[in-house]
Amino acid sequence: MFAIFLLLLPLLANADEVLTQTNCADCTLDTLCSESADAIVYSLPVSKCYSPGELFPDDDLWGTFDMMDVCRDKILVRTFYNTTDGSCGGDLGVPTDEYKLQYDHCLGPFGEKYPWGVFECS
Numbered sequence: 064m065f066a067i068f069l070l071l072l073p074l075l076a077n078a079d080e081v082l083t084q085t086n087c088a089d090c091t092l093d094t095l096c097s098e099s100a101d102a103i104v105y106s107l108p109v110s111k112c113y114s115p116g117e118l119f120p121d122d123d124l125w126g127t128f129d130m131m132d133v134c135r136d137k138i139l140v141r142t143f144y145n146t147t148d149g150s151c152g153g154d155l156g157v158p159t160d161e162y163k164l165q166y167d168h169c170l171g172p173f174g175e176k177y178p179w180g181v182f183e184c185s
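Numbering of the sequence shown is given in the working numbering, commencing with residue 64 and proceeding in unit increments.
Right under this line is the structure:
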């Protein structure tokens, strides 16, 4: 029963939620990425499978495997799948990895040019 609830959790989420991921070269606890001259901001789907390779085809910050982001209180749950078509494996999709990431913290590494990231759900 608990597993079924977890599968339905993305369907119960607020459809108006937006995940903002800001990546930058310089991140501090006080200003996060807000004072970084070369920050890049991404708006990402929430509680919906997506393929970063399809959303950002020429951006080497992103991998090719499907992912789903779910916003929770103070934590983003980012789940990865072994598919690359935005399906997350369909009805039988089994996650290959999962990260629980705190909002309003400098997190990384993400890549050489933009090693730090900050997440915000709103």
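Where is the CB? At the ideal position from N, CA and C, for every residue including glycine.
For Gly180, which three-state DSSP category applies? strand
Completely contained beta strand (DSSP E) runs for the region 96-147, where each covers 3 or more residues: 103-107, 130-135, 138-143
Just checking my contact of Cys112 with Ser150 at CB under 8 Å: how many whole Å lie between their CB atoms? 6 Å
Starting from Cys90 and walking both ways along the beta strand (DSSP E), at which residues does that stretch end? Unbroken run through Cys90: none, as it is neither H nor E.
So for Cys154, helix, strand or coil by DSSP? For clarity, residue 154 is Asp in the given sequence; the question names Cys instead. Asp154 falls in the helix class under three-state DSSP.
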